[in-house]
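Numbering (the working numbering), first residue to last: 20 to 345. For each residue, glycine too, the CB sits at the ideal point set by N, CA and C. Have a look at the structure below, then the notes.
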Amino acid sequence: MSERRDVLTPEALTMVDLIARTGSFAAAAREMGKVPSALTYSVRVLEDALDVLLFDRSSRQARLTAAGEELLHEGRRLLIEIDAVANRVKRIATGWETQLTIAFDSILAPTALFELVESFYALRVSTRDAPDSAPPTRLRLRSEVLSGTWEALATGQADLAIGGAGGPTQGSGMQCELLGEIHMEFAMAPHHPLADAAEPLSGETIARHRIVAIADSARSFTPMTVGVQPGQDVLTVPSLAAKLEALLRGLGCGSVPEPLLRRHVEAGRLVIKRTGLPARSVGLHYAWHAPGGSASPGLALQWWLKQLRSEATRHALLEQHAGLVL
20 MSERRDVLTP EALTMVDLIA RTGSFAAAAR EMGKVPSALT YSVRVLEDAL DVLLFDRSSR
80 QARLTAAGEE LLHEGRRLLI EIDAVANRVK RIATGWETQL TIAFDSILAP TALFELVESF
140 YALRVSTRDA PDSAPPTRLR LRSEVLSGTW EALATGQADL AIGGAGGPTQ GSGMQCELLG
200 EIHMEFAMAP HHPLADAAEP LSGETIARHR IVAIADSARS FTPMTVGVQP GQDVLTVPSL
260 AAKLEALLRG LGCGSVPEPL LRRHVEAGRL VIKRTGLPAR SVGLHYAWHA PGGSASPGLA
320 LQWWLKQLRS EATRHALLEQ HAGLVL
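What follows is the structure, given as structure tokens:
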């Protein structure tokens, strides 16, 4: 047992991962700065200690055996856990997280989001290594759609989720607060056939025309589909910006946050039409992982939560679309 523990090091797990990704011992050796024979020997030592074959050598490519696939899967999980432990230790020592990952729904105004990022980097903090510098926390932003925002938080891929519709549906140990509501309007280009149709537009009338929908970015959660009529032709796009571009080109119709439409409607590039469908006001939330016991969130997360409690910040995230011109 001790021999297995001795060989199942982070370096060995990283080596298996690299061979699997590159598809050959030679390519992996180049990336690691080793000669292929040294890498082959290391793999053999690992296989002998585990008493399994990790790679099928009968083909030109380095193909994982079933045992190798299992080691790769569990090894990647262990490497993530090791990084998480290191991050937690670092945070305990300094109060600042090594990295803060923020998942934000693409319905939010990007200008307001990046103003927050700018303000975060403008902070001056003192650490042992740097007495007057920006926060030591690296920010990582993830653009998500619908259920994907909550999935990123629930699966540990994000520390803070902003702009999710409704609230987290899975996972525990989270706190959730209301960000605000955003009103959706049904719009299309002036040259679209529905632009001259009598109001209110019925569901049957809308169903005869292509709808532009944003794809839910969830991978394991159940994806959400919003505003599509039964049997309707759908153009699926990856983001709100792409949806707006499709509407401006007359490729379809669809519901868009009213603040994003204002300048385009005023300029005559888009038309808003009343419908006979229920009015849509979407409640958006933000949520984060709450530490257990008496522990407090890291200093970076505390700063972001403080900003999100500001009415001015919440208003900007929902309304500052007016400054976005595609």
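For residue j and residue i, believed in contact at Cβ under 8 Å, the rounded distance
i: Thr-41; j: Glu-50; result: 7 Å
i: Leu-289; j: Leu-270; result: The pair is not a contact, with the Cβ atoms about 13 Å apart (cut-off 8 Å).
i: Gln-347; j: Ala-226; result: This structure gives no information on residue 347, because the portion of the chain shown stretches from 20 to 345.
i: Arg-161; j: Thr-117; result: Contact flag wrong, Cβ pair sits at about 17 Å.
i: Asp-36; j: Gly-94; result: 6 Å
i: Thr-168; j: Gln-339; result: Thr-168 to Gln-339, Cβ: 19 Å. No contact.
i: Thr-113; j: Pro-155; result: 7 Å
i: Leu-135; j: Gln-326; result: 6 Å
i: Val-54; j: Ala-47; result: In fact, because the Cβ distance is near 11 Å, the residues do not count as touching under 8 Å.
i: Ala-319; j: Trp-115; result: 6 Å
Range covered by the alpha helix (DSSP H) that runs through residue i
i: Asp-67; result: 55-69
i: Ile-38; result: 29-41
i: His-283; result: 277-285
i: Ala-337; result: Note that residue 337 corresponds to Leu in the displayed sequence, not to Ala. It spans 330-338 - the alpha helix (DSSP H) in which Leu-337 sits, taken as one unbroken run.
i: Arg-49; result: 44-51
i: Trp-323; result: 318-327
i: Val-136; result: 129-140
i: Ala-261; result: 259-267
i: Leu-172; result: 166-173
i: Ala-306; result: Note, Ala-306: premise wrong, no alpha helix (DSSP H); beta strand (DSSP E) at 299-308.
i: Gln-226; result: Sequence inspection shows Ala at residue 226; the Gln mentioned does not correspond to that position. Here the alpha helix (DSSP H) through Ala-226 covers 222-226.
Cβ-based burial, residue i [other Cβ within 10 Å; buried from 16]
i: His-304; result: buried
i: Arg-333; result: buried
i: Phe-44; result: buried
i: Lys-292; result: buried
i: Leu-197; result: exposed
i: Ala-348; result: Outside the modelled stretch of the chain, which goes from 20 to 345, sits residue 348, for which no answer is possible.
i: Thr-294; result: buried
i: Ala-39; result: buried
i: Gly-175; result: exposed
i: Gly-342; result: Since pLDDT at Gly-342 reaches only 45, below the 50 mark, its modelled position is unreliable, and the value read off the structure follows with that caveat. Exposed, because fewer than 16 other Cβ atoms sit within 10 Å of the Cβ of Gly-342.
i: Glu-137; result: exposed
i: His-15; result: The chain is shown from 20 up to 345; residue 15 falls before or after that span and cannot be answered.
i: Leu-32; result: buried
i: Ser-61; result: buried
i: His-92; result: exposed
i: Ala-103; result: exposed
Sequence-distant residues of the same chain with beta carbon closer than 7 Å to residue i, five excluded per side
i: Ser-274; result: Met-203, Glu-204, Phe-205, Gly-246 and Arg-299
i: Leu-69; result: Arg-23
i: Glu-66; result: Leu-72 and Leu-73
i: Glu-218; result: Lys-292 and Arg-293
i: Tyr-140; result: Ala-153
i: Ala-177; result: Thr-120, Ile-121, Ala-122, Arg-161 and Ala-171
Residue range of the beta strand (DSSP E) that includes residue i
i: Arg-161; result: 157-163
i: His-202; result: 193-207
i: Leu-348; result: The requested residue 348 does not occur in the structure, where the chain is confined to residues 20 to 345.
i: Ala-179; result: Checking the sequence, you will find Leu at residue 179 rather than Ala. Looking at the DSSP string, the run of the beta strand (DSSP E) that includes Leu-179 is 179-184.
i: Leu-254; result: 253-256
i: Val-14; result: Here the chain has residues from 20 to 345 only, and residue 14 is not among them.
Residue i beta carbon near the ligand HEM (any heavy atom closer than 7 Å)
i: Asp-25; result: Annotation note on the ligand HEM: not contained in the displayed structure, which lists no ligands.
Contact under 8 Å by Cβ, residue i with residue j
i: Ile-233; j: Leu-179; result: no
i: Val-164; j: Ser-152; result: no
i: Leu-296; j: Gly-222; result: yes
i: Gly-287; j: Pro-209; result: yes
Cβ neighbours of residue i in the same chain (closer than 6 Å, five flanking residues each side left out)
i: Gly-182; result: Phe-123, Asp-124, Ile-126, Leu-127 and Leu-303
i: Leu-27; result: none
i: Phe-240; result: Ser-166 and Glu-170
i: Gln-189; result: Residue placement at Gln-189 is poorly supported in this model, since its pLDDT is 48, which falls under 50; the coordinates still yield a value, given next. The residues are Ala-173.
i: Asp-75; result: Arg-82 and Thr-84
i: Leu-220; result: Lys-292 and Thr-294
Same chain, Cβ closer than 8 Å to residue i, five either side skipped, listed in chain order
i: Met-193; result: Leu-172, Ala-173, Pro-187, Ala-306, Trp-307, His-308 and Ala-309
i: Pro-315; result: Note that residue 315 corresponds to Ser in the displayed sequence, not to Pro. Contacts found: Gln-321.
i: Ile-201; result: Ile-126, Pro-276, Glu-277, Pro-278, Ser-300, Val-301, Leu-303 and Leu-337
i: Ile-230; result: Gly-246, Val-247, Gln-248, Gln-251, Asp-252, Val-253, Leu-254, Gly-271, Cys-272 and Gly-273
i: Thr-244; result: Ala-232 and Asp-235
i: Ala-214; result: Met-207, Ala-208, Val-290 and Lys-292
i: Leu-98; result: Pro-29, Leu-32, Thr-33 and Asp-36
i: Arg-238; result: Gly-167 and Glu-170
i: Ile-101; result: Pro-29
i: Leu-58; result: Met-34, Ile-38, Phe-44, Ala-47, Ala-48 and Met-51
i: Ala-105; result: Thr-117
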